[in-house]
Each structure stands twice: as C-alpha cells, then as structure tokens.
Amino acid sequence: MVIEGLLYTKDHEWARIDADVATIGITDYAQQMLGELVFVELPRIGKQCAGGDELAVVESTKAANDIFAPVAGKVIEVNDELESQPELVNQDCYNAGWICKLQITDVKSVESLMDSKQYEEYLAGR
Amino acid sequence: MPFISNTPAQREQMLAEIGLSMDELFDDIPPHLKAGEFDLPRGLSEQETRNRLMELAQKNATHLTCFLGGGFYDHFIPAAVDAIVSRSEFYTAYTPYQPELSQGVLQAIYEFQSMICRLTEMEVANASLYDGGTALYEAMMMALRITGRNKVIVDDSVNPIYRVMIHSYTQNLKIELDQTHCQDGLANHDRILQMIDDKTAAVIVQNPNFFGCIDEFSDIADAAHDKGALLIVSTYPLSLGILKTPAAMGADIVTGEGQSLGIPMSFGGPYLGFMASAKRYVRKMPGRIVGETLDASARKAYVLTLQAREQHIRRDKATSNICSNEALCALTALVYLSLLGKEGLKETAQLCADKANYAYKRLTAIPGVVPHFRGKWFFNEFVLDLPCEAADVIAKLIEKRFAAGFPLGRYYDGMENSILISVTEKRTKQEIGMLAEALESVL
Numbered sequence: 001m002v003i004e005g006l007l008y009t010k011d012h013e014w015a016r017i018d019a020d021v022a023t024i025g026i027t028d029y030a031q032q033m034l035g036e037l038v039f040v041e042l043p044r045i046g047k048q049c050a051g052g053d054e055l056a057v058v059e060s061t062k063a064a065n066d067i068f069a070p071v072a073g074k075v076i077e078v079n080d081e082l083e084s085q086p087e088l089v090n091q092d093c094y095n096a097g098w099i100c101k102l103q104i105t106d107v108k109s110v111e112s113l114m115d116s117k118q119y120e121e122y123l124a125g126r
Numbered sequence: 001m002p003f004i005s006n007t008p009a010q011r012e013q014m015l016a017e018i019g020l021s022m023d024e025l026f027d028d029i030p031p032h033l034k035a036g037e038f039d040l041p042r043g044l045s046e047q048e049t050r051n052r053l054m055e056l057a058q059k060n061a062t063h064l065t066c067f068l069g070g071g072f073y074d075h076f077i078p079a080a081v082d083a084i085v086s087r088s089e090f091y092t093a094y095t096p097y098q099p100e101l102s103q104g105v106l107q108a109i110y111e112f113q114s115m116i117c118r119l120t121e122m123e124v125a126n127a128s129l130y131d132g133g134t135a136l137y138e139a140m141m142m143a144l145r146i147t148g149r150n151k152v153i154v155d156d157s158v159n160p161i162y163r164v165m166i167h168s169y170t171q172n173l174k175i176e177l178d179q180t181h182c183q184d185g186l187a188n189h190d191r192i193l194q195m196i197d198d199k200t201a202a203v204i205v206q207n208p209n210f211f212g213c214i215d216e217f218s219d220i221a222d223a224a225h226d227k228g229a230l231l232i233v234s235t236y237p238l239s240l241g242i243l244k245t246p247a248a249m250g251a252d253i254v255t256g257e258g259q260s261l262g263i264p265m266s267f268g269g270p271y272l273g274f275m276a277s278a279k280r281y282v283r284k285m286p287g288r289i290v291g292e293t294l295d296a297s298a299r300k301a302y303v304l305t306l307q308a309r310e311q312h313i314r315r316d317k318a319t320s321n322i323c324s325n326e327a328l329c330a331l332t333a334l335v336y337l338s339l340l341g342k343e344g345l346k347e348t349a350q351l352c353a354d355k356a357n358y359a360y361k362r363l364t365a366i367p368g369v370v371p372h373f374r375g376k377w378f379f380n381e382f383v384l385d386l387p388c389e390a391a392d393v394i395a396k397l398i399e400k401r402f403a404a405g406f407p408l409g410r411y412y413d414g415m416e417n418s419i420l421i422s423v424t425e426k427r428t429k430q431e432i433g434m435l436a437e438a439l440e441s442v443l
C-alpha cells in the first residue's frame, strides 16, 4: 500500500511535508519486510541531520534496521507512543505509526524524494 | 581447528603474488610492537619439562595466610560448589549456537541474572561480562550511549586497576575523563557535585571503595539525575549481604567483580563481571541476556532475548564487542549463592565485617601502626599507616607466610607507608593474632 501525497525514499521511508515540517515514517512495504516490530529507538529531540543520516532504529523479531532521514532537518517531535506500542508501525504505518517530525533545514533535500507514483514503480521494479 | 603452518617458500610465493615484502605487509604495526627474536632453548622431554615446571611452580609462595584484598578476596568456597559446577552437563557447554536447545544452561544464567538483581536491587542484569574492570568500562560506554554525551567523572577511590583499564580502553576515543581525588577515604562528593554539568554522561564511584570505606552516594545520584547524567556504582557483591544496595542510593548502572561469590583467587582469572541496571536502559546494555517465556505448548522456557543489540545482528552498531559471557563462572556464583541462601550471605558478610573490626583493633594496638582514615566505616578492609614503607614490610611478612596486604603506594602518591588489609570470614582470631605478632616483629 502506497499513499498518494506522501514522498518516498529508496530505503522505504515516507515523508509528509507540511510547510517546513516533515513527518517521517516507514512504508507499508518496509513494515511487511521487517515483520512484527518489537522496538523503535527514537531520535533525541534537537538532533540535527543531513538527508540520509541515521535517524532511528527499528527492531523486529528477526532484524534491526536503521531509518535514514529522508530530508535534512532538526528533530522537533517524536512519537512517544511507539516506546510502549511499537506495533503501531505494523498496524498503521502512515498515521499512528509515524516516527518523528523534522524541521526542514534544506528545502532542496526534498526534491530528491519520489512521489507515490514513482515509488510504486520503484517497488514494482524490485 | 587444525593449525595450518605455511613454509618459507609458501610465504615467499604469497608475498610475490601481492608484490610486497614482509616488512611492507606489516607496515601498520609500530616498530616497537613487532616481535623480536626469541631466544628459545632446545626442546625438552616430557619428564624434563615436568621437572622444570615443578621447579618453577615451587618458587610460588603458596599457602600464605591471606589478608590481601583490593578487589579479590579469600572467601571460603563450599566443596559442593565445585562438585556441582564440574558436572559435565555444565562444564562442557559453551554458549551454544542454538542456545534454546540448552534449556539447562539458559535457566542457570536466568537464575544468575535474578540473583544479581536481588543482590543489587536493580531491575535487570545481563548474563555476565569478563571481570569487574571490563564490566565498569562497559557501564561507562552504556552511559555514553544513553545520554549521547561524552564527559565522565571518576573518583580515584575506585579500584585503580579498573581505572587503568578504563583509561586503556578509552584513550583513543573522544571521551573526556575527569578524575576527582578522594577526600579522607571517601569519594570527593563536594568536587563531584561541582563538576556535574549538562555535558556529564556519568559519575563512576565504588562502594565499599578501594580503601574499604563505606560510602553513600544518594547526593551524587540526585545531582547527576538533575543534569540528566547517570550514576554508575561498582560494588563488592558479598558486602551487599549487609550494606545498603546501590539501587537504594539511586544508582542507574551497577557493576562488580563476582569473584567473591565462590570463585577461587587465581592470577589472571577467569573471573566474573556482572552488570545490572534500571529496566529502561536494558536495550543499551551490552552482553547476553536470558529471558523467561512460554513455548508453543505454554510451558516455561528460556531464550536469549534482545539479541538485536548484539554484534551478530547489529554488526558494527552493536552495543558492545562483548557478546560472550563467563557462563561457567556465573554458574559458580549462582551455585555459591544458592548454597549460602539469604541468611548465609548475611552471616558471611557480617562475619567479614566483625573480624575486620577485630583485626583493626588488634593491629592498631601495635606501637607505630595507626589508621590512615580515622572514624570511617569500613566493610572488611581498612588502611593502616606503618612507620616504614609498606612494600618492604609486606615482603618480610611473606617470609613469615603471610600475604599481609596491598601496598597502596603502588597506585597512590604519598601512601608509600600505607597498607590495605582485608579480612574475610575464613580468618580466625588466632591467625589475626599471629599476623599482629609477625607485623610487630618486623617493624
């Protein structure tokens, strides 16, 4: 499942851009591949990152994976709910399962992201 | 695994293939670290070898009456400990690669973790680390990961060997290690409280400290927590039978050397590091952790848990390079604690403290022997000042078959005349009296 209106990375993160704030999560494809999540290591608020930097870690019963920042920015909010309910990412990855919000510091970094159509094509090509 | 040697001809061939000389191949190793020439004697027959080794072994001063502590202690080990631990089911089992196949080993480790938690009153413990020093270093690294900061305060009343280890491990890392100088036998609380700031990841202290004195760290815990820093306490597990626990003082991570729990003293180990922490930090904790769960048929089962922290899954981002543990030593500690029980542990700790107090009175009655720290509580170890260099006195007492103590001048400037004396439940009133007489005779 791919949602229209969101932007995507090749590492299967999504970003919802609202003015200069990007809400970040992992895609339905990513959560399916990882399987049941048991832990999400959230970034520290205030953390600065360039596009592609390590942002968070998601851990499932079979693997642990890094989540990379889709855009350059500063972490302004994290989804605390995931601390006790990491399964929200599996259940509702595009809404309740969001991971954090970035204040975008480099607008250009948004341009390299795929739209939903491009991401669907990317998935089809895998 | 067989040792496959390579001949000089093969080496030449390999070097020719990559186009390097032997010196160029090992260019990255600093010259002073390269192996020199070994002047090895001609080979000996089995019998000659045995005789030679026996001859060397006889040079060891064994069967000394031991008043030496400083992190390792001469406690009584019930014969049942060895008998149980030596069972081949335990003795031969390394952490298996299909760990859940070995439910017995996992259950033993789980119970070890539970006992460490009960001793320290912390919420979670791992399956053990190499020794007290590596455990303390790992606790420090854990605090750096938790806080994302890089400043650590260590008081020099922490075991100097542990401090040397921490220094060795961290000298090439970007860590600011600040040392405070103990004050009158206790950690330098005033200085530590001043130094804690919002860059501090952790404060490292020890109880009882290296001088045997009993400290209380609630003030440091509060100050650290105010600034978002952690309190790491290294402790002597047997003392926890009667002392206030690190958890009760507000410690976030507790480590220690488990040798006092049924493991014999031996040069170089193997020893047992343990680590316990608050549950919220468990994912930042290094080492293996065994958890209890239910299997598909709802039967109690034990599993290695939280493995995603470990290097076989997280690779270079693992919490530590230590994914191993001292399973057999941990089992030994578990068996020892099980045999003693809660009351037995309390009694043993109380005996240590009582006998140490008796020895303190007896030894300070000798003319010229005075306590270094006056009016301080101690557990089973204390510091005395002698009228001459402690190292000389200790050497003379070895002749009289006493390991009388540790010469503090080895690690502390200005303490050349100070000796650290430890007394365990094994020491008798008669032995203490004999040490006093021997000490008086050599002064």
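Chains as they are written, first to last, in the numbering used here: chain A, 1 to 126; chain B, 1 to 443. Here a beta-carbon is modelled for each residue, glycine too, at the ideal position from N, C-alpha and C.
Going by beta carbons, B/L119 and B/T245 fall inside the 9 Å limit.
Taking every protein chain shown into account, the CB of B/M14 has fewer than 16 other CB atoms within 10 angstroms, so this residue is exposed.
Taking a beta-carbon distance threshold of 9 Å, A/E81 does not count as an interface residue toward chain B.
Bounds of the beta strand (DSSP E) holding A/C100 are 100-104. The continuous stretches of alpha helix (DSSP H) do not include B/D215, and DSSP gives it neither H nor E.
For B/G148, the closest Cβ of chain A is nearer than 9 Å. The beta carbon of A/E77 does not come within 9 Å of any beta carbon belonging to chain B, so the residue lies off that interface. The alpha-carbon separation between B/I18 and B/Q10 amounts to approximately 13 Å. Assignment of B/E17 by DSSP, reduced to helix, strand and coil, places it in the helix class. B/I253 is classed as buried because its beta carbon has at least 16 other beta carbons within 10 Å across all chains shown. The continuous beta strand (DSSP E) containing A/D66 extends over residues 64-68. Beta bridge pairing from DSSP links B/G368 with no other residue. In summary, no residue of the stretch 190-214 of chain B has a CB separated from any CB of chain A by less than 9 Å. For the stretch 1-20 of chain A, the set of residues with a beta-carbon nearer than 9 Å to any beta-carbon of chain B is empty. Under the criterion of beta carbons closer than 8 Å, B/A278 and B/R362 do not qualify as touching, at roughly 42 Å. Counting only runs of 3+ residues, the beta strand (DSSP E) found wholly inside the stretch 35-82 of chain A occupies 37-41, 54-60, 64-68, 73-78, in chain order. Per the coordinates, the alpha-carbon of B/A298 lies some 40 Å from the alpha-carbon of A/L123. Judged by DSSP in its simplified three-state form, B/C182 adopts coil rather than helix or strand.
Of the other Cβ atoms in all chains shown, fewer than 16 fall within 10 Å of the Cβ of B/V164; this residue is therefore exposed. A/L102 and A/A19 do not touch by the CB rule: their CB atoms are close to 12 Å apart, not below 8 Å. Relative to B/V158, the option among B/L173, B/V205, B/M122, B/E399 whose CA is nearest is B/V205. When the beta-carbon positions are compared, B/K284 and B/I146 come within less than 9 Å of each other. An exposed status is given to B/M22, since fewer than 16 other beta-carbon atoms sit within 10 Å of its beta-carbon. Per DSSP, the unbroken beta strand (DSSP E) holding B/D155 starts and ends at 151-155.
The criterion of a C-beta distance shorter than 9 Å is satisfied by B/N325 and B/R288.
Judged by DSSP in its simplified three-state form, B/K284 adopts helix. Shown in chain order are the members of the stretch 300-332 of chain B whose Cβ falls below 7 Å from a Cβ of chain A: A308, I313, R314. When Cβ pairs closer than 8 Å are counted between the two stretches, the stretch 167-174 of chain B is seen not to touch the stretch 231-248 of chain B, the count staying below three. Assignment of B/A201 by DSSP, reduced to helix, strand and coil, places it in the strand class.
Bounds of any alpha helix (DSSP H) do not take in A/I17; it lies within the beta strand (DSSP E) bounded by 13-18. By the neighbour-count definition (other C-beta atoms within 10 Å, threshold 16), A/D80 is an exposed residue. In this model, B/A327 and B/V335 are separated by some 12 Å (Cα to Cα).
If the five residues before and after B/P160 are omitted, its C-beta is found closer than 6 Å to the C-beta atoms of Y411, all from its own chain and listed in chain order.
B/R427 has its alpha-carbon roughly 18 Å from the corresponding atom of B/A61.
The C-alpha of B/K317 lies about 23 Å from the C-alpha of B/I232. The contact set of A/F39 on chain B, defined by CB atoms closer than 8 Å, consists of R283, A308 in chain order.
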